[in-house]
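Peer 1: My questions all concern the structure below.
Number of protein chains: 4
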Amino acid sequence: MSNTLGKLFTFTSFGESHGKGIGGIVDGCPSGIELDEEYIQNELNRRRPGQSAISTPRKEADKVEFLSGIFEGKTTGTPIAFIIWNENQHSTDYDHLKEVYRPSHADYTYQQKYGIRDHRGGGRSSARETASRVVAGALAKLALKKLGVEITAYTSQVGHIAMTKTANLSLIESNVVRCPQPEIAEQMIQYIAELKQEGDSIGGIISCMIKGVPVGWGEPIFDKLQSRLAQSMLSINATHGFDYGRGFEGVSLRGSEMNDSLIKDGDKVSTKTNNSGGIQGGISNGQDIYFRVLFKPVATISKKQNTLDIHSNEVELEAKGRHDPCVLPRAVPIVEAMAAMTLLDLWLSKTPEIL
Amino acid sequence: MSNTLGKLFTFTSFGESHGKGIGGIVDGCPSGIELDEEYIQNELNRRRPGQSAISTPRKEADKVEFLSGIFEGKTTGTPIAFIIWNENQHSTDYDHLKEVYRPSHADYTYQQKYGIRDHRGGGRSSARETASRVVAGALAKLALKKLGVEITAYTSQVGHIAMTKTANLSLIESNVVRCPQPEIAEQMIQYIAELKQEGDSIGGIISCMIKGVPVGWGEPIFDKLQSRLAQSMLSINATHGFDYGRGFEGVSLRGSEMNDSLIKDGDKVSTKTNNSGGIQGGISNGQDIYFRVLFKPVATISKKQNTLDIHSNEVELEAKGRHDPCVLPRAVPIVEAMAAMTLLDLWLSKTPEIL
Amino acid sequence: MSNTLGKLFTFTSFGESHGKGIGGIVDGCPSGIELDEEYIQNELNRRRPGQSAISTPRKEADKVEFLSGIFEGKTTGTPIAFIIWNENQHSTDYDHLKEVYRPSHADYTYQQKYGIRDHRGGGRSSARETASRVVAGALAKLALKKLGVEITAYTSQVGHIAMTKTANLSLIESNVVRCPQPEIAEQMIQYIAELKQEGDSIGGIISCMIKGVPVGWGEPIFDKLQSRLAQSMLSINATHGFDYGRGFEGVSLRGSEMNDSLIKDGDKVSTKTNNSGGIQGGISNGQDIYFRVLFKPVATISKKQNTLDIHSNEVELEAKGRHDPCVLPRAVPIVEAMAAMTLLDLWLSKTPEIL
Amino acid sequence: MSNTLGKLFTFTSFGESHGKGIGGIVDGCPSGIELDEEYIQNELNRRRPGQSAISTPRKEADKVEFLSGIFEGKTTGTPIAFIIWNENQHSTDYDHLKEVYRPSHADYTYQQKYGIRDHRGGGRSSARETASRVVAGALAKLALKKLGVEITAYTSQVGHIAMTKTANLSLIESNVVRCPQPEIAEQMIQYIAELKQEGDSIGGIISCMIKGVPVGWGEPIFDKLQSRLAQSMLSINATHGFDYGRGFEGVSLRGSEMNDSLIKDGDKVSTKTNNSGGIQGGISNGQDIYFRVLFKPVATISKKQNTLDIHSNEVELEAKGRHDPCVLPRAVPIVEAMAAMTLLDLWLSKTPEIL
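Chains as they are written, first to last, in the working numbering: chain A, 913 to 1267; chain B, 913 to 1267; chain C, 913 to 1267; chain D, 913 to 1267.
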């Protein structure tokens, strides 16, 4: 099933950019969790278009409506369905794209695979689908909070502009680009504004830090914690890479530099360094889990591009829709949501002990 | 299920480094495929320890014995079980490790998760498990060959030493490090030999090229082609990262540089560039699929390391087992095997058309 | 996942009897199928309460609203979400049940399992949930029609009153009890009316006939066609048994009587008898598939019953809600829907041939 | 995956009747369970051919060899692979069947589905495959024992000869037909002996009683406890039906007779009757779980039968292999094994509580 994530905590997603709405069903959510609607809406707001000068001018309320699984304000253990109704769609904006394959979009592959596609705003392949993930992820976060787990993502690089210091996580929301190093954030914002002016776009890297996962989450072999995180992250639109712990930047480290010595930390076992990113043999080791996700530049740009239409005619394309020059600031809550669902599912899948 | 990969073409793996053997069951393999045992054994030989001066001196025949699913030399559509019997195990080599948690190994996490572990040679967490994947992957490759798909991986970087030219795939097996640029291969071999001398280890990058996948493989949303490849690759021991198409190295590209324009190639649709790595919206677009996998340095080194034992005593560790200073040359067929199983599964999972 | 059925054609269900609505997501539906809304609504109408004098007087429009996956009247291969909004709920009818465990209902088990439950109308455990199955099943039926498969269920027994002739499938809808033997139907209707008068309820048997399945559907071992059908049927509320081909009634048959000899039927292979119900070794053999499903009497009755409340006090219960004295007539389309989803999923899961 | 059962406690089966052996992999078994090999072998012996005058004269040692997942006599939480090597195969007994489709066997359906089949002794479709299930089920039983759950099956009917009293479970193993009512057992044995003489075969019913399951096992909707049990039971070769609680025999009961009133049993909640078979809304309610499984007569008989060969020629068939006239006595441990795996999987799949 391509539209379901997870094994015990599952999320099944539906909806198109310009259909009635987008939404999904969360199944396997533990019962008795208070539905903090304000918290959930706030997560959605962090992803919402039109939230700042550097994002798309498209404005959508993105109000979530829960349809089931909640009784007297609490989860009941039954499936939680929800919908975000579409509004403010300018479907006619896309009429000129009905027969065009946009470069580096899914138009051509969907058309070939299914023989039919909803071309309006990218239809099912639109990044609007990720709003549903944020809702489901917020539910997972509420459950994880009870388990003491906290997930925090931030923009660490935009194009060539990268952070130069360790992240102070409290500063993430201090700027619109969600980079916790304000002077670098300033440069990023400036750069994005320039590219917007030029009708171009840029990608970058989102980093994520997870605190509070105890030893033992993740399964050996094919459901390794990093394996499941990689799958989740690469399922986000526009992502092109993933690494955890010391990643590609540390490729020249030797074993003697990379290995994390086990040490005593009071009564507990800890490690001297954490180059492994909190995972050994696919299983959490109690240290912080951290990873990076690479995003390519948004494929929709305002510059002229050569491409083909569905009749294989060569055509020239100039985007008219409203789009982001850089998707990263709005993708931060999506990365957190995917991490949350993945972790909660791995927690639920742990074999209970038999005494 | 942590030990099963895939949905329709599934591989379930079993075995420990120093138990009776390792093996698995391939389910969902199409019927009527000729079992080319020589080909399969050759794939195993490419992964086998002791194959060159820069790999572990451990020698294992690694002969695969098929137990079911084959009749008169062909697959029957029923499950194909196989085993590689363990031999030449020096289990007593590991007696001194029975109570020690080796740095950056899975000893501590397994012990905490299960309350029991087979410490001999890493037990289930040993990279020896990947030999089974090579067998299952070879079966998938035989099926993919019939579909015109060819998967080729190679070592593109060892520590700081990286290839500088486009790969000439015909040169991969021309040297023991499996790098298709001979002068760089020479440097890699030299560097690995030095590290071996020092008792240290090194990681690097394996690149993979897949030719012949038609449009339409991979599913939107959570089973995107890149998503499933990332999961598969990050499930290989010692991997720390994955990217596809233009990856981390191309983070500063703009949309106007990254986008792949669709063009006509005779009767067919092609793209001018292939920065997307052959995938759009999670679905293959008919272009070459390529990706990279990051491996950390082998955790087992001969240098002295500080660590803890299971009683939380601080101990000093000096590895005695036989190990590789650099795992990449032997990991090349594993990357190919995982890619093959993933692709075949996605092909089988495609919804057939109803006319 | 307890709320998802199937592997490739999947249906995920949501909703409670007295919440906002019930619905679900169909994933893996082939693209290009015309959405015949009239047909789908008609299927729902066959299940709808209040359709005849022998069913509950509760009246619900049960209009389905599709939320996604349809473009210009056709399925697109993306998830099809839908909802049936609840209306005409008399939630206060259930206030007296808030703290009571009704006999042979799921009140006690839900409360113990989840620590919380929506008591209104049975909440999630209400048979109202099956309306969603009818919608999803109607989609599956539309796809199966294109493959030449026709599924027809009917009431063959109510209490002790059983059909005495082979079913003439064209007569099923000729009476409100959906029994294709009119004189028996008359007795059934009479008997149900009597029980209604007494405030009691009755169960019975629904039989199902499937025509047009070619050889080869169903998988050996654990996904046998009969195995998957049994699972689907026993997931319907109030079912207590399943048999296929010659079932419990034929327990005294010998092998020489039960075996189906293969014979030639023109160019085709057929069988002389069809005691196997169209299935050999878990795989369809091209003959008609037929099976029976046993339903217990509805647990909600108007007679006084002794039971406990959530504080373990003994209480006396007299149902006030509006309920059916016999659920079978309305369950006929549910049996068909479950069979349709199961068959389509097995068709999709068949390994394609490699030439 | 047709050869894998379960979600968290999974069993993947392999092997053919006349190949190297049969076996499987159990994944998800809790760690720390003592491997009682004598117990497991005893379970196998209960299923073994040649154990009495009324079963096949074929003699197979059926010794199980464990290949992985066990360390120092205990399960480690890693996959447990095992094999039962084939021996005493008279493969040439089956030469005359190479091109024949036996009536009511899987020969024709396998050939059509896969285009190839191992005809020797039925190949993959042989009931010999169920020996692997007994091993895996024995592991599940060992785990369930720790949870206080006891599963006991017995032969309750052979052809027309049915038990007339409530089962005294302690008498099951007192006779070769495994019927706990000795005077009825005598009649069954007599009847089977007669049919053997005639070269014919007979089916019947196996009943199963499960004690000790607490409230809360099983999931609402599609993974109902009865739904999963039905799937498991109908996956056993030769089964044709399943019912639980009051089943087909109680079809004429009214709601007022069928409903189980909740009562106090000291401090605990119990029910006055147990017509529901220990399950409400798909979830165990703490009462005894009981169900019945219908077996058809063995398809292999010594009488002459008309059939077709693979060239569609009409042929006359007389079985030469060694076979059972009645499979039920040997199927008793298979029913228990399937029930055990199903229950343990449902226990593992329960969502843990978050405090």
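Just so you know, even glycine gets a beta-carbon here, dropped at the ideal spot from N, CA and C.
Counting only Cβ pairs nearer than 8 Å, list the residues of chain D close to A:A889.
Peer 2: Any property of residue 889 of chain A remains undetermined from this structure, which presents chain A solely from 913 to 1267.
Peer 1: Let me check understanding here. Comparing Cα to Cα, which of C:K1025, C:V1127, C:M1250 lies closest to A:T988?
Peer 2: Mapped onto the first sequence, residue 988 of chain A falls at position 76. Measuring from the Cα of A:T988, the nearest candidate turns out to be C:K1025.
Peer 1: For A:G1190, which residues in chain B fall below 8 Å Cβ to Cβ?
Peer 2: Indexing the first sequence from 1 puts residue 1190 of chain A at position 278. Those within 8 Å of A:G1190 in chain B number zero; the least Cβ separation is about 10 Å.
Peer 1: Which same chain residues end up closer than 7 Å to C:E1095 when comparing Cβ atoms and leaving out the 5 residues on each side of it in sequence?
Peer 2: Residue 1095 of chain C sits at position 183 when you count from the first residue of the third sequence. Result list for C:E1095: empty, nothing under 7 Å.
Peer 1: For the candidate residues A:G931, A:K932, A:L917, whose alpha-carbon lies nearest to that of A:S925?
Peer 2: In the first sequence, residue 925 of chain A corresponds to position 13, counting from 1. When each option's Cα is compared against that of A:S925, the closest is A:L917.
Peer 1: Should D:T1212 be labelled buried (16 or more other beta-carbon atoms within 10 Å of its own) or exposed?
Peer 2: For the purposes of this step, residue 1212 of chain D is identified with residue 300 of the fourth sequence, where counting begins at 1. Buried, because 16 or more other Cβ atoms sit within 10 Å of the Cβ of D:T1212.
Peer 1: Identify the continuous beta strand (DSSP E) that holds C:I1283 and give its terminal residues.
Peer 2: Nothing in the structure corresponds to residue 1283 of chain C, since chain C is present only between 913 and 1267.
Peer 1: Using CA atoms only, rank isn't needed, just tell me which of C:S980, C:T990, C:K986 is closest to A:S914.
Peer 2: Walking along the first sequence from the start, residue 914 of chain A turns up at place 2. Ranking C:S980, C:T990, C:K986 by Cα distance to A:S914 puts C:T990 first.
Peer 1: Using 8 Å as the cut-off, can you tell me whether the region 1004–1024 of chain C makes contact with the region 1042–1051 of chain A, which would need three or more C-beta pairs spanning the two stretches below that distance?
Peer 2: Result no; under three Cβ-Cβ pairs closer than 8 Å.
Peer 1: Between the Cα of C:Y1285 and the Cα atoms of C:K1176, C:E1248, C:K1215, which residue gives the shortest distance?
Peer 2: This structure cannot settle anything about residue 1285 of chain C, because the visible part of chain C is limited to 913 through 1267.
Peer 1: Give me the Cα-Cα distance between A:E1110 and B:G1162, rounded to the nearest whole angstrom.
Peer 2: Counting from 1 along the first sequence, the entry for residue 1110 of chain A is found at position 198. Counting from 1 along the second sequence, the entry for residue 1162 of chain B is found at position 250. One C-alpha to the other measures close to 20 Å.
Peer 1: Would B:L1141 and B:Y1156 qualify as a contact pair, given that the criterion is a beta-carbon distance under 8 Å?
Peer 2: On the second sequence, position 229 is the one that residue 1141 of chain B refers to. On the second sequence, position 244 is the one that residue 1156 of chain B refers to. Going by C-beta atoms, B:L1141 is nearer than 8 Å to B:Y1156.
Peer 1: Compute the beta-carbon to beta-carbon distance between A:S943 and C:G1027, rounded to the nearest angstrom, for a pair I have assumed lies under 8 Å.
Peer 2: As a first step, residue 943 of chain A must be located in the first sequence, where it is residue number 31. As a first step, residue 1027 of chain C must be located in the third sequence, where it is residue number 115. Yes, A:S943 and C:G1027 are in contact; Cβ-Cβ is about 6 Å, under 8 Å.
Peer 1: For the region 1190–1209 of chain A and the region 1117–1130 of chain A, state whether three or more C-beta atom pairs, one from each stretch, are separated by less than 8 Å.
Peer 2: The region 1190–1209 of chain A vs the region 1117–1130 of chain A: in contact.
Peer 1: Here's the rule I'm using: 16 or more other beta-carbon atoms within 10 Å means buried, otherwise exposed. How should A:S1086 be labelled?
Peer 2: Here residue 1086 of chain A is taken as the residue at index 174 of the first sequence, counted from 1. So A:S1086 ends up on the exposed side.
Peer 1: Taking the C-alpha atoms as reference points, what is the distance between C:S1144 and C:K1215?
Peer 2: Your numbering for residue 1144 of chain C matches position 232 in the third sequence. Your numbering for residue 1215 of chain C matches position 303 in the third sequence. Approximately 32 Å, taken between the alpha carbons.
Peer 1: So does the region 1027–1037 of chain C actually touch the region 978–985 of chain A, counting three or more Cβ pairs closer than 8 Å?
Peer 2: With a cut-off of 8 Å, the region 978–985 of chain A and the region 1027–1037 of chain C count as touching, because enough Cβ pairs lie within range.
Peer 1: Between D:L1165 and the rest of its own chain, which residues show a CB-CB distance below 8 Å, the 5 nearest in sequence each way excluded?
Peer 2: Within the fourth sequence, residue 1165 of chain D is the residue found at index 253, counting from 1. Excluding sequence neighbours, D:L1165 sits near R1158, N1187.
Peer 1: Span of the beta strand (DSSP E) holding D:I1104?
Peer 2: On the fourth sequence, position 192 is the one that residue 1104 of chain D refers to. Segment 1094–1110 is the alpha helix (DSSP H) holding D:I1104; no beta strand (DSSP E) there.
Peer 1: Give me the Cβ distance between C:V1088 and C:I966, rounded to the nearest whole Å; I'm assuming they're in contact under 8 Å.
Peer 2: Along the third sequence, read from residue 1 onward, the residue named residue 1088 of chain C stands at position 176. Along the third sequence, read from residue 1 onward, the residue named residue 966 of chain C stands at position 54. C:V1088 to C:I966, Cβ: 6 Å. Contact.
Peer 1: Please confirm if A:Y1103 has its CB atom under 8 Å from at least one CB of chain B.
Peer 2: As a first step, residue 1103 of chain A is located in the first sequence; it is residue number 191 there, counting from the start. It does not; no Cβ of chain B falls within 8 Å.
Peer 1: Would you list, in sequence order, the uninterrupted beta strand (DSSP E) runs of no fewer than 3 residues that lie entirely inside the region 1006–1084 of chain A?
Peer 2: Runs found: 1062–1070.
Peer 1: Which residues in the same chain as C:Q1069 place their Cβ atom closer than 6 Å to its Cβ, once the five residues preceding and following it in sequence are excluded?
Peer 2: Locating residue 1069 of chain C in the third sequence gives position 157, where the first residue counts as 1. Closer than 6 Å at the Cβ level, and outside the excluded window around C:Q1069, lie G1116, I1117.
Peer 1: Which residue from A:I996, A:A993, A:K1262 puts its Cα closest to that of A:V1127?
Peer 2: Against the first sequence, residue 1127 of chain A aligns to sequence position 215. Comparing Cα-Cα distances from A:V1127 to each of A:I996, A:A993, A:K1262, the minimum goes to A:K1262.
Peer 1: Mind pulling the chain C residues with CB within less than 7 Å of D:F1134?
Peer 2: On the fourth sequence, position 222 is the one that residue 1134 of chain D refers to. Going along chain C in sequence order, the residues near D:F1134 (Cβ under 7 Å) are S914, N915, T916, L917, S1147.
Peer 1: So is D:S1139 in contact with chain A if we call contact Cβ pairs under 8 Å?
Peer 2: If you number the fourth sequence from 1, residue 1139 of chain D lands on position 227. Cβ-Cβ to chain A under 8 Å: no for D:S1139.
Peer 1: When we look at the beta-carbon of B:A1039 and count the other beta-carbons within 10 Å, is it buried (16 or more) or exposed?
Peer 2: Counting from one through the second sequence, the residue named residue 1039 of chain B turns up at place 127. B:A1039 should be labelled buried.
Peer 1: Which residues in the same chain as A:A973 place their Cβ atom closer than 7 Å to its Cβ, once the five residues preceding and following it in sequence are excluded?
Peer 2: Indexing the first sequence from 1 puts residue 973 of chain A at position 61. Excluding sequence neighbours, A:A973 sits near E999.
Peer 1: From what residue to what residue does the alpha helix (DSSP H) around B:T1254 run?
Peer 2: On the second sequence, residue 1254 of chain B is found 342 positions in, with the first residue counted as 1. Looking at the DSSP string, the run of the alpha helix (DSSP H) that includes B:T1254 is 1240–1261.
Peer 1: Please determine if the region 949–964 of chain A and the region 1236–1252 of chain A are in contact, where contact requires at least 3 C-beta pairs separated by less than 8 Å.
Peer 2: Result yes; three or more Cβ-Cβ pairs closer than 8 Å.
Peer 1: Just checking my contact of C:R1041 with C:G927 at CB under 8 Å: how many whole Å lie between their CB atoms?
Peer 2: Taking the first residue of the third sequence as position 1, residue 1041 of chain C is located at position 129. Taking the first residue of the third sequence as position 1, residue 927 of chain C is located at position 15. Residue identity check: residue 1041 of chain C is Glu in the sequence provided, not Arg. Indeed, because the Cβ distance is near 6 Å, the residues count as touching under 8 Å.
Peer 1: Please look up how many angstroms separate the CB atoms of B:L920 and B:D1257, rounded, as I've assumed it's under 8 Å.
Peer 2: The residue given as residue 920 of chain B occupies position 8 in the second sequence. The residue given as residue 1257 of chain B occupies position 345 in the second sequence. B:L920 to B:D1257, Cβ: 6 Å. Contact.
Peer 1: For D:G1060, is the classification buried or exposed, using 16 other Cβ atoms within 10 angstroms of its Cβ as the cut-off for buried?
Peer 2: The count along the fourth sequence starts at 1 and reaches residue 1060 of chain D at position 148. Its Cβ having fewer than 16 others within 10 Å, D:G1060 is exposed.
Peer 1: Taking 8 Å as the CB-CB limit, is D:I945 close to chain A?
Peer 2: For this step, residue 945 of chain D is matched to residue 33 along the fourth sequence. Interface residue, yes.
Peer 1: Less than 8 Å between CB atoms is the rule here; does A:L1094 satisfy it with respect to chain D?
Peer 2: Indexing the first sequence from 1 puts residue 1094 of chain A at position 182. At residue 1094 of chain A the sequence reads Pro, which differs from the Leu that was named. Not one chain D Cβ lies under 8 Å of A:P1094.
Peer 1: Pull up the CB-CB distance for C:P1209 and D:M1170, whole angstroms please, since I reckon it's below 8 Å.
Peer 2: On the third sequence, position 297 is the one that residue 1209 of chain C refers to. On the fourth sequence, position 258 is the one that residue 1170 of chain D refers to. Rounded, the Cβ-Cβ distance is 5 Å, consistent with contact.
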